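Residue numbers (this note's numbering): 2 to 134.
The C-beta atom is built at its ideal place from N, Cα and C for all residues, glycine as well.
A quick note: this is a predicted structure, and the numbers were derived from the prediction, not measured.
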Amino acid sequence: MKDSDIHKIIKILKEDVKKWDIPVVSIVAERTRDPFKVLISCILSLRTKDGTTAQASQRLFSLADNPAEMSELSVKEIERVIYPVGFYRTKARNIKEICHTLINDYDSKVPDEIDELLKLKGVGRKTANLVVT
């Protein structure tokens, strides 16, 4: 391959990469550096489009942005603010339970070990990996 071809390819790739969307969970992680917000956003993002996840996360975090505040919300209130996220009823119940578990078992802190994260209701390996990294 010629040197000029490599430069053309790099130019094309640089232009094309601008069209790619960054996943919402990555944006939350980068901007907030808050494992709780990453965890909750990741739960909301499963089986949901990024635009919907971003709006739902913003609405939820405007009401409560830590386990103690969020545990004070009713499941119905969480459902209302995260709708139309996929499986919003199940996710609302899981979020409420996660908040109680974090408060009672982890001193309101998100565990930084995958095995501990996997013990949280509704958290699978993908979510755990995103929260830890």
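The residue among V39, G123 and G87 with its C-alpha nearest the C-alpha of K97 is G123.
For K50, the three-state secondary structure derived from DSSP is coil. DSSP places R90 inside the alpha helix (DSSP H), whose first and last residues are Y89 to Y107. Taking one beta carbon from each stretch, the segment 4 to 13 and the segment 76 to 83 have fewer than 3 pairs nearer than 8 Å; the two do not touch. Taken through DSSP and simplified to helix, strand or coil, T128 comes out as helix. As the crow flies, the alpha-carbon of L118 is around 22 Å from that of A57.
Within the model, the alpha-carbon separation for I115 versus T102 is close to 16 Å. For R34, there is no enclosing alpha helix (DSSP H), as DSSP marks it with neither H nor E. Of the residues assessed, N130 falls on the exposed side of the cut-off, its CB having fewer than 16 other CB atoms within 10 angstroms. No Cβ-Cβ contact shorter than 8 Å links V29 with K15.
Taken atom to atom, the span from the alpha-carbon of R90 to that of E73 is near 17 Å.
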